[in-house]
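Visitor: Per the working numbering, the sequence shown starts with residue 96, numbered consecutively.
Heads up, the beta-carbon is just placed ideally off N, CA and C, and yes, glycines get one too.
Got a structure for you, written out below as structure tokens; questions coming shortly.
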Amino acid sequence: MSTWVILQMKVSENVYPRLETFLTDKLPTVRGFDGALSVSLFYNAETRDFLILEEWVSKDHHQAYIKSIMDNGVMGDLLSFMEGQPTVTYHDRLVM
Numbered sequence: 096m097s098t099w100v101i102l103q104m105k106v107s108e109n110v111y112p113r114l115e116t117f118l119t120d121k122l123p124t125v126r127g128f129d130g131a132l133s134v135s136l137f138y139n140a141e142t143r144d145f146l147i148l149e150e151w152v153s154k155d156h157h158q159a160y161i162k163s164i165m166d167n168g169v170m171g172d173l174l175s176f177m178e179g180q181p182t183v184t185y186h187d188r189l190v191m
């Protein structure tokens with residue numbers, strides 16, 4: 096059973112073009128991290144709402160990834176494009 100992670104945040108005004116470049120550079124690393132199954136991005140230009148939808152082998156795999164990007168500064172770089180902290184929720188995939 097996999098874990099889905101939803102990160103929601105608001106992009107600061109006038110920074111989306113730089114955020115897009117940052118994401119293009121960093122996404123291959125996220126997608127290649129141990130336990131990452133998929134990563135999809137969504138953006139609403141009218142509200143500046145940004146959503147990251149990720150599927151991981153487990154919550155532990157995702158938390159290891161978060162620790163890694165906090166330690167290497169990538170999380171701080173990502174948050175520099177945002178207004179405030181992201182909302183992060185975890186959901187287990189149901190098999191029915």
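Quick one: give me the first and last residue of the beta strand (DSSP E) that ALA131 is part of.
Guide: 131-139
Visitor: If we count the other Cβ atoms within 10 Å of its Cβ and call it buried at 16 or more, is TYR185 buried or exposed?
Guide: exposed
Visitor: Can you check which of these residues, GLY168, LEU189 and PRO181, is closest to GLU150 by C-alpha distance?
Guide: LEU189
Visitor: Buried or exposed for PHE145, going by 16 or more other Cβ atoms inside 10 Å?
Guide: buried
Visitor: In or out: THR116 buried (at least 16 other Cβ within 10 Å) or exposed?
Guide: exposed
Visitor: State the start and end residues of the unbroken alpha helix (DSSP H) segment that holds PHE176.
Guide: Counting along the chain, PHE176 falls outside any alpha helix (DSSP H), and DSSP gives it neither H nor E.
Visitor: Taking just the CA atoms, how far does MET96 sit from VAL106?
Guide: 32 Å
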